[in-house]
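The numbering of the sequence shown is the numbering used here, which starts it at 2 and goes up by one.
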Amino acid sequence: QKYFFYKANKQNSIFPKTPNTLKDGEKGYLNITICLKSTDAPIGYYIIKYMGTRIENPITALIPEKRGKGLYSEIIVTKMRFSFDTLEATEVMGILPTSDTWLRNAAVKHTVDSLYTHDERIFSVDQGEYRQTTATKAEWDSWIASSPKKSLSYNLTWD
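As structure tokens, this is what we get:
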């Protein structure tokens, strides 16, 4: 666990300390803590790898006691707003399970299935079958414009 935090801090130290947009030719990682707006309490994290204006988001995790409370769908909107609207990414890749057993919440499954529509590959690991899938900026703009989640906002502390 100490190694994870050491590595995350090292990776984050490379990213600019002031608001920034992604540029062609740049690459790196960014580790982001997700906090509740009401209390600023950490509830999870996500990791992104950026290569030019493409973001790869292989993992988003909520702490166990926060799961099943409707927060994950909001986190998806926050991640996409940050990726497309703040960092100006052109494409976001996610890795999602193909079975319903992991995504027990129907609202979350509907959100990710309606947003991530371009499967790049299907693969299996010990935990089950997953799909590597993408959404583009244009698809995000269309999706959020027609979504009841379009009024959700987020705050970003850039440091």
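We put the beta carbon where it would ideally sit given N, CA and C, even for glycine. This structure is a prediction, so every number in the text was calculated from the model and none was measured.
In this structure, T91 keeps its C-beta atom at 8 angstroms or more from the C-beta atom of T135. Counting only residues of its own chain and dropping the five nearest sequence neighbours on each side, I123 has a CB closer than 6 angstroms to the CB of R132.
Rounded to the nearest whole angstrom, the CA to CA distance from L72 to T61 is 12 angstroms.
Distance between I35 and P149, taken at the CA atoms: about 22 angstroms.
Excluding sequence positions up to five before and after L23, its CB lies within less than 8 angstroms of the CB of Y51, G53, T54, I56, L88, E89 and A90, all in the same chain and listed in chain order. Closest option to F85, judged by alpha-carbon separation, among K110, L153, A139 and Y47: A139. If you compare the alpha carbons of A146, H119 and K67 with that of I96, the shortest gap goes to H119. For E75, the uninterrupted alpha helix (DSSP H) segment begins and ends at L72 to M81.
Under DSSP, F124 forms a beta bridge with Y131.
Here A62 carries a strand assignment [DSSP, helix/strand/coil]. Beyond the five residues adjoining it in sequence on each side, K151 comes within less than 6 angstroms, by CB distance, of I145 in the same chain, given in chain order.
Spanning the alpha carbons of S125 and S143 requires a straight line of approximately 31 angstroms. Of the other Cβ atoms in all chains shown, 16 or more fall within 10 Å of the Cβ of L116; this residue is therefore buried. Bounds of the beta strand (DSSP E) holding K28 are K28 to C36.
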